[in-house]
Structures are given as structure tokens and as C-alpha cells.
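Here the structure is laid out as C-alpha cells; the discussion comes afterwards.
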Amino acid sequence: MKKSGSMEGAGGDTPSQLIDARINELSDWRGEMLARVRTLIKQADPEVVEEWKWRGVPVWEHAGIICTGETYKNVVKLTFAKGASLEDPSGLFNSSLEGNTRRAIDIHEGDKIDEEALKALIRAAVALNMSVRAKPRSQKPKSA
1 MKKSGSMEGA GGDTPSQLID ARINELSDWR GEMLARVRTL IKQADPEVVE
51 EWKWRGVPVW EHAGIICTGE TYKNVVKLTF AKGASLEDPS GLFNSSLEGN
101 TRRAIDIHEG DKIDEEALKA LIRAAVALNM SVRAKPRSQK PKSA
């Protein structure tokens, strides 16, 4: 059974190949930044799985979505699926702060990435995904 959204590219390209193509087609600082954060994500979690969803969004998963890597005209946005539940001692999250679930990091041209803090955030997101997946649903307390 094919995962929905995993192989949306022409000619059956893999998600990793589609992400490579996105990086190459950007051909400016956004492509360089997307490539850099991709490398950091893989360093933080060597078991990460790359996906291509929603008609063109790079997604990194491990026991669930870790984050997406969207590119816009003036920003590369890393959106963490469960960011509101993550500790962010370095204050990397600077976007989507009002939501109850997601948090994002907007990276603008010329911004420097705190690489160690980003890798720690990736590892925390994986740990959260693993802890949620490990708990049987029946153990969740029901609120009265």
C-alpha cells in the first residue's frame, strides 16, 4: 500500500530526489539554507525518513512528522508538527507561536543558524514522537 503523498513527483522520483530537485531549482540562498537544515536534521537523527507531501513540501519523519521545510519568497520555514510541546531553551521558535500544536522557525537571508540548538530540537521532536507512539491509546486519562 502506497503512503498518501509520498511519491507525488513525475516519473516516480523518491522523496529524497524531489527534495534534491527543490534545492537545485531554488538556486539562491533559500536552496542553500534548505540544504543546510536538511543536513543538520540528518545529523541529529540518522534514521530520519524524508517524505514529499502536500504537492511539494519536504517533510522529515521519525515515528511521526518531525518538521516540514517550506520555502517562500523571503523565508525558509521549518514547521515542527508538535512544536508547542517541545522545550525551546535557545528560543529558536519565532513563528506560529500562538497555536496549540505547531511552532515554526522562520529563517531569513543572512540569518545564522544555531546548529547545536536546532539539532537538539530535532532530537527532542523525535523523542516526543517516540514517547507518544509507545503509549497505548487506552492509557490516556479521560478528563471528567
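In this text, residue positions in the sequence shown follow the UniProt record's numbering: the first is 1, and each later residue adds one.
Quick reminder that beta carbons are idealized off the backbone N, C-alpha and C, glycines included.
Ends of the beta strand (DSSP E) at residue 58?
-> Boundaries of the beta strand (DSSP E) harbouring residue 58: 57-61, taken from the DSSP string.
Should residue 148 and residue 68 be called a contact, given that it needs their Cβ atoms to be closer than 9 Å?
-> Within the shown structure, residues of the chain are numbered from 1 to 144, placing residue 148 beyond reach of any answer.
Buried versus exposed, by CB contacts within 10 Å (16 or more), residue 103 = buried
Within the same chain, show all residues whose beta-carbon is closer than 6 Å to that of residue 124, passing over the 5 residues directly before and after it, in chain order.
-> 86
In the DSSP assignment, find the unbroken beta strand (DSSP E) run with residue 52 in it and report its ends.
-> 49-53
Whose C-beta lies closer than 7 Å to the C-beta of residue 119 among residues of the same chain, with five residues either side of it excluded?
-> 40, 43, 44
Answer yes or no: do residue 56 and residue 22 have a C-beta to C-beta separation smaller than 9 Å?
-> yes
Straight-line Cα distance separating residue 82 from residue 27 = Separation of residue 27 and residue 82 (C-alpha to C-alpha, rounded to the nearest whole angstrom) is 30 Å.
Mind listing, in chain order, the continuous alpha helix (DSSP H) runs of no fewer than 4 residues lying wholly within the region 85-138?
-> 115-134
Roughly how many whole angstroms lie between the Cα atoms of residue 129 and residue 34?
-> 23 Å
Just how far apart, CA to CA, sit residue 97 and residue 84?
-> 8 Å
So is residue 118 in contact with chain C if we call contact Cβ pairs under 9 Å?
-> Although the question refers to chain C, the structure presented lacks it and comprises just one protein chain.
Report yes if the CB atom of residue 105 is closer than 9 Å to the CB atom of residue 80, and no otherwise.
-> With a cutoff of 9 Å on beta-carbon distance, residue 105 and residue 80 are scored as near each other.
Using three-state DSSP, classify residue 9 as helix, strand or coil.
-> Only weak support exists for where residue 9 lies, its pLDDT of 45 falling under 50; the value from the coordinates is given anyway. Coil.
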